[in-house]
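> Next up is a structure, given as structure tokens.
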Amino acid sequence: LPPMTRPTDPALTAARGPDAEFWQQRFETCATPWDRGGVNPQLQQWLAQGAIDARAGTIAVPGCGSGHEVAELAAAGCEVVAIDYTPAAVALTQQRLAARGLRAAVVQADVLAWQPAALLAAVYEQTCLCALHPDHWIAYAAQVRAWLRPGGLRPVDLSAAENRTHPVPSPSAGRSPFAHRGKRPGPG
22 LPPMTRPTDP
32 ALTAARGPDA
42 EFWQQRFETC
52 ATPWDRGGVN
62 PQLQQWLAQG
72 AIDARAGTIA
82 VPGCGSGHEV
92 AELAAAGCEV
102 VAIDYTPAAV
112 ALTQQRLAAR
122 GLRAAVVQAD
132 VLAWQPAALL
142 AAVYEQTCLC
152 ALHPDHWIAY
162 AAQVRAWLRP
172 GGLRPVDLSA
182 AENRTHPVPS
192 PSAGRSPFAH
202 RGKRPGPG
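Listed below in structure tokens is the structure:
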């Protein structure tokens, strides 16, 4: 796929979904109803069951938001790189890590452009996909696939399935093509 670029014309940007300023304002004003105020229970279950191996390598958390899952993965001993589009989300994640005395790489970047220094063991995808305009979903799926080393864990979006039992408002509203664990987007 050709590299994905974001439109610069304001009329096109509005048609392509929320921009960085929109997300910055949401985080600055705590207008994030999808943030449950804690770690996703499914992630806690996977960690308790040993389904996520802290020794396997780096795990990326794209669209890390306020960093609940980043901190939980770091507390479990995982090497984590958190990625978010806005300074406010990056700052929240850094504050959460510091408050618990944890370490993770926290990067302010557009997930459609960011590249890891080395291939990743896993990607913990929760709500980043649903924050992107659907026109970017295929490019994002290709991007995430390119981040993973052979045998790396597939991206998973838990928000659609989770909303059936934990009614937390989510930007995805059940539309995510990653809604079923283990399904891989696109060919391959």
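Offset between the sequence shown (1-based) and my numbering: plus 21.
Beta carbons: idealized from backbone N, C-alpha and C, even for Gly.
As the structure is a computational prediction, the values presented were derived from the model and not from experiment.
How would you call Q46, buried or exposed, if buried means at least 16 neighbouring beta carbons within 10 angstroms?
By the 10 Å Cβ count, Q46 comes out exposed.
> Under a three-way DSSP split, which group does I73 fall into?
Of the three classes helix, strand and coil, the one that applies to I73 here is coil, per DSSP.
> For the alpha helix (DSSP H) containing Q164, name the first residue and the last one.
From DSSP, the alpha helix (DSSP H) with Q164 extends over 158-168.
> Counting C-beta neighbours from all protein chains within 10 Å, is the total for E146 16 or more, i.e. buried, or is it exposed?
Buried: at least 16 other Cβ atoms inside 10 Å.
> Tell me whether L150 sits in a helix, a strand or coil according to DSSP, three-state version.
The answer is helix: DSSP assigns L150 an H, G or I state.
> When you compare only the Cα positions, how much space is there between C151 and W168?
Rounded to the nearest angstrom, the two C-alpha atoms are 19 Å apart.
> Are the beta-carbon atoms of V144 and L118 separated by less than 8 Å?
Going by C-beta atoms, V144 is not nearer than 8 Å to L118.
> Can you tell me which of the three DSSP states Q136 falls into?
It is coil, neither helix nor strand.
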